[in-house]
Every structure is written in structure tokens, then in C-alpha cells.
Amino acid sequence: MRLLHLGDLELTLPLALAAGGWLLAARAWRAAAAWALLFAGAMALVGGSKVAYLGWGTDIGALGFKAFSGHAFGVTAVYPVLGYLLCRPIGRGLALAAAGAGLALGLVMTVVLVGQGEHAVTETATGWLLGACASVGTLYQAEPRGVMPGPASPASAVALFLVSGFLMQSAHVGYWMIRLALALSGNAQPYSWDTC
Numbered sequence: 069m070r071l072l073h074l075g076d077l078e079l080t081l082p083l084a085l086a087a088g089g090w091l092l093a094a095r096a097w098r099a100a101a102a103w104a105l106l107f108a109g110a111m112a113l114v115g116g117s118k119v120a121y122l123g124w125g126t127d128i129g130a131l132g133f134k135a136f137s138g139h140a141f142g143v144t145a146v147y148p149v150l151g152y153l154l155c156r157p158i159g160r161g162l163a164l165a166a167a168g169a170g171l172a173l174g175l176v177m178t179v180v181l182v183g184q185g186e187h188a189v190t191e192t193a194t195g196w197l198l199g200a201c202a203s204v205g206t207l208y209q210a211e212p213r214g215v216m217p218g219p220a221s222p223a224s225a226v227a228l229f230l231v232s233g234f235l236m237q238s239a240h241v242g243y244w245m246i247r248l249a250l251a252l253s254g255n256a257q258p259y260s261w262d263t264c
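Put into C-alpha cells, the structure is as follows:
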């Protein structure tokens with residue numbers, strides 16, 4: 069389903085960097101720091117959970133949990149912040165509504181992921197919670213003053229999106245997660261997502 073592509077790392081990471089560039093160019097230092105720390109920290113938890121499962125087969129079998137859903141996390145983290153940044157110059161109410169729509173899009177993503185058999189409910193729900201913490205924590209630092217774009221904000225965002233988007237096309241993140249999992253665990257083969 070095409071909706072799932074909204075959560076692909078090849079899209080959400082460049083969008084996250086674009087949001088960070090926008091915040092920095094707008095001199096919204098606290099919001100930029102919050103975004104960098106919360107997004108990177110949550111992304112490390114998502115990636116770490118995937119490496120742990122691939123390398124050691126860590127899971128919570130009774131809950132069907134193997135790893136946090138990266139798609140649910142990415143959508144719920146990135147789209148609320150982008151909606152807020154794009155709409156804040158028009159008004160606070162619209163910006164907060166756009167952020168709410170981004171959170172709702174994350175919920176839709178969780179339902180689609182479960183419906184398509186890509187993840188268990190626990191994996192998508194926890195991914196959504198991580199994304200919500202990153203986006204809401206950033207917006208908390210942005211309000212009530214708001215983030216008004218500086219003259220370089222849109223250009224910075226577009227430049228970071230294009231460069232990182234181009235680089236992500238050859239990053240092969242899944243391959244490197246498997247390599248890291250095998251190197252750390254010492255196993256010859258990764259655990260399959262279909263086992264457990």
C-alpha cells in the first residue's frame with residue numbers, strides 16, 4: 069500500500085533534517101535542540117530494538133513485540149512538526165491543528181501496518197508513542213511564542229531535504245542494521261522477522 073511509503077526512512081529522515089534546518093534558520097534554538105535530541109534519541113531506540121531482534125532474537129513473545137515500528141515512529145514524529153512549521157506563520161490555531169492532523173496520520177499508519185500484517189499492535193503503538201514524544205516535545209519548546217520562519221528557513225529546509233534524500237537512496241540502512249546485528253551478536257545469520 070502506498071500509504072506505507074510515507075513512513076519510509078528514505079523519506080522521513082530527510083524530512084526530519086529539513087525540519088531541523090528550518091528550526092535552526094528560524095533561530096528557534098530550544099525547539100531545534102529538542103527536535104535533535106528527541107528525534108535522534110527515539111530513532112536510536114527504534115534502530116536499537118531492530119538490531120537487538122536481528123542479532124539476538126529479543127522479543128516479548130506474549131505481546132508479539134519484536135521491535136518498535138519505524139514507520140509508525142517516523143510518521144508520528146515528522147509530519148506533526150512539518151505541519152506545524154508550515155502553518156505557524158498563518159496562525160497558532162492552524163499550526164496546532166496541522167500538528168494534530170500529523171498525529172492522526174500516525175494513528176492511521178499504525179492501523180494500516182497492523183492490517184497489512186507488517187507489525188503487531190504493540191510494535192505500532194509503541195512506535196507511535198515514541199514519535200508522539202518527539203513531535204509533541206518539540207512543539208512544546210516551540211510554543212507559545214511560535215516558530216516564525218526566517219528568510220533562510222524554507223531554503224535551508226529544501227536544501228537539507230534534497231541532499232539527505234539523495235544520500236539516503238544509497239544508504240541501504242536495512243543491510244547495515246543486519247551487518248551490525250551480526251557483528252555484535254557473533255551469529256552467522258540474523259533472526260527472521262517471521263520467527264518467534
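In this note's numbering, the protein residues as written are 69 to 264. Beta carbons: idealized from backbone N, C-alpha and C, even for Gly.
What does DSSP give as the partner residues of residue i in its beta bridges?
| i | result |
| --- | --- |
| Phe133 | Ile128 |
Assuming residue i and residue j form a contact by the criterion Cβ under 8 Å, report the distance between their Cβ atoms to the nearest whole angstrom.
| i | j | result |
| --- | --- | --- |
| Thr192 | Thr178 | 4 Å |
| Leu83 | Val146 | 5 Å |
| Val226 | Leu153 | Actually they do not touch by this definition, with Cβ atoms about 13 Å apart. |
| Gly170 | Ser203 | 7 Å |
| Gly199 | Gly159 | Not confirmed; about 25 Å, so no contact. |
Is the CB-CB distance between residue i and residue j below 8 Å?
| i | j | result |
| --- | --- | --- |
| Ala165 | Arg156 | no |
| Ala110 | Cys201 | yes |
| Thr80 | Val143 | yes |
| Gly132 | Ala167 | no |
| Ala104 | Gly88 | yes |
| Leu77 | Ile246 | no |
| Ala99 | Gln209 | yes |
| Ala251 | Pro258 | no |
| Ser16 | Trp124 | Outside the displayed span of the chain (69 to 264) sits residue 16, for which this structure offers no information. |
What are the boundary residues of the alpha helix (DSSP H) that includes residue i?
| i | result |
| --- | --- |
| Leu162 | Arg160 to Gly183 |
| Pro258 | Counting along the chain, Pro258 falls outside any alpha helix (DSSP H), and DSSP gives it neither H nor E. |
| His139 | Gly138 to Cys155 |
| Val189 | Val189 to Ala210 |
| Val215 | That residue, Val215, is in no alpha helix (DSSP H); it is neither H nor E in DSSP. |
| Arg247 | Val241 to Ser253 |
| Pro222 | Ser221 to Met236 |
| Glu78 | Leu77 to Ala93 |
From the beta carbon of residue i, is the nearest beta carbon of chain C less than 8 Å away?
| i | result |
| --- | --- |
| Arg156 | No chain C is part of this structure, which consists of one protein chain only. |
Counting Cβ pairs closer than 8 Å, one from the stretch 83-94 and one from the stretch 216-223, do we hit at least three?
-> yes
Sufficient close CB pairs (3 or more, under 8 Å) joining the stretch 169-183 to the stretch 232-247 = no
Are the stretch 188-202 and the stretch 124-144 in contact at 8 Å, needing three or more beta carbon pairs?
-> yes
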